[in-house]
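Q: Following our numbering, the numbering of the sequence shown begins with 350 at its first residue and continues without gaps. Structure below; questions to follow.
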Amino acid sequence: GLHGGAPVQVTLLPARSDSGIVFVRTDGPDPLEIPARPSAVMPAWRATTLRRGDVTIGRVEHLLAALYGQGIDNVRIEIDGAELPLMDGSAASFVYLIRSAGVFEQRAHRCALRLRRPIEVCDGDRRIRLSPSRGFQITYVVDLEHPAIGRQEYRLPSMDPDAFERELASARTFGFLNDAEALWSTGLGRGGSLQNTVVLDDRRVLNHEGLRWPNEFVRHKVLDLLGDLALLGVPIEGDICVERGGHALHHRLLAVLLENPDAWWIHDPDPKCMTRIHRIPAERAA
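Pasting the structure below:
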């Protein structure tokens, strides 16, 4: 993992319909399940960490993004440590392994969260807005006072497994050298390197191979957002606009969404199953 630097083993296993995404810590006296829900999120530095009691699993966002991007709703994830491996800093390795293993289509309706009205969360000059739509679109803006980043905007007009793999999966996490040095001084960040992070000093990117896209920074922000949206347990239909966002703002959007059940409903493609309205997010947020 990024902070501990210790080897970790992760195993993805099939799960029954409507079971959702469930992480399982296997390194304790007994396996401990931590469902991927908004209520399990704990404050963490530039990452998404899940907690149940005193047990945590950190940096889950890249694997969750890969699952969301590949349309996987139900999976059991066994891990024998406190952090997901950072891999190369992106979701590409997870997507490759998922596709290599194969995906099984279950005999169940795939519901979607639809909006009745817009939801907006602001924090100073940071903003995220979710608006009703019958499709799925993300517009994300990064605006950092750094000569290698500046203002970047990326629009994801649609979502399917191939587009996710092509446009987003390989976008790497990024960080600044002065932040890394501060982490090292506290004994953290021991697993971070130029092999799994785009590192910047005050002027430039330090990785010899450079960037995978000129706008790799904002693409990775979209990747992180998709990983956080996966915590809802159902795909969203709507237009999402984000300015200067990050994990904390993403998590706040999920909380506000669940605090306002009158603003959305769960659409089931089977008209006989309308009793399922409100059920999935309410249970998975418990």
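Just so you know, even glycine gets a beta-carbon here, dropped at the ideal spot from N, CA and C.
(1) Check for me: the alpha helix (DSSP H) holding V571 runs from which residue to which?
(2) Do you know offhand how far S366's Cα is from P584's?
(3) Do you know how far the Cα of C460 is from the Cα of D617?
(4) Given a cut-off of 8 angstroms on the beta-carbon distance, is the pair G369 and D437 in contact?
(5) Return the residue from the list F513, F566, V491 and L574 that minimises the CA-CA distance to V444.
(6) Curious, which full-length alpha helix (DSSP H) runs of at least 4 residues does the stretch 426-461 contain?
(7) How is the beta strand (DSSP E) around E494 delimited, first residue to last?
(8) Start and end of the beta strand (DSSP E) containing P363?
(9) So, with DSSP's three-state summary, where would you put P392?
(10) Assuming R386 contacts L580 under a Cβ cut-off of 8 angstroms, what Cβ separation, rounded to an integer in Å, is found between them?
(11) In terms of alpha-carbon separation, which member of W614, D611, P356 and F525 lies closest to E494?
(12) Would you list the residues sitting across from S507 in a DSSP beta bridge?
(13) Who are the Cβ neighbours of L362 in its own chain at under 8 angstroms, not counting the five residues just before and after it?
(14) I need the DSSP call for L381, collapsed to helix, strand or coil.
A: Straight from the coordinates:
(1) E565 to L578
(2) 15 angstroms
(3) As the crow flies, the alpha-carbon of D617 is around 5 angstroms from that of C460.
(4) no
(5) F513
(6) 441-450
(7) Unbroken run through E494: none, as it is neither H nor E.
(8) V359 to P363
(9) coil
(10) Going by Cβ atoms, the distance from R386 to L580 rounds to 6 angstroms, so yes, they are a contact pair.
(11) F525
(12) Paired residues: none, contrary to the question.
(13) V424, R425, I426 and E427
(14) strand
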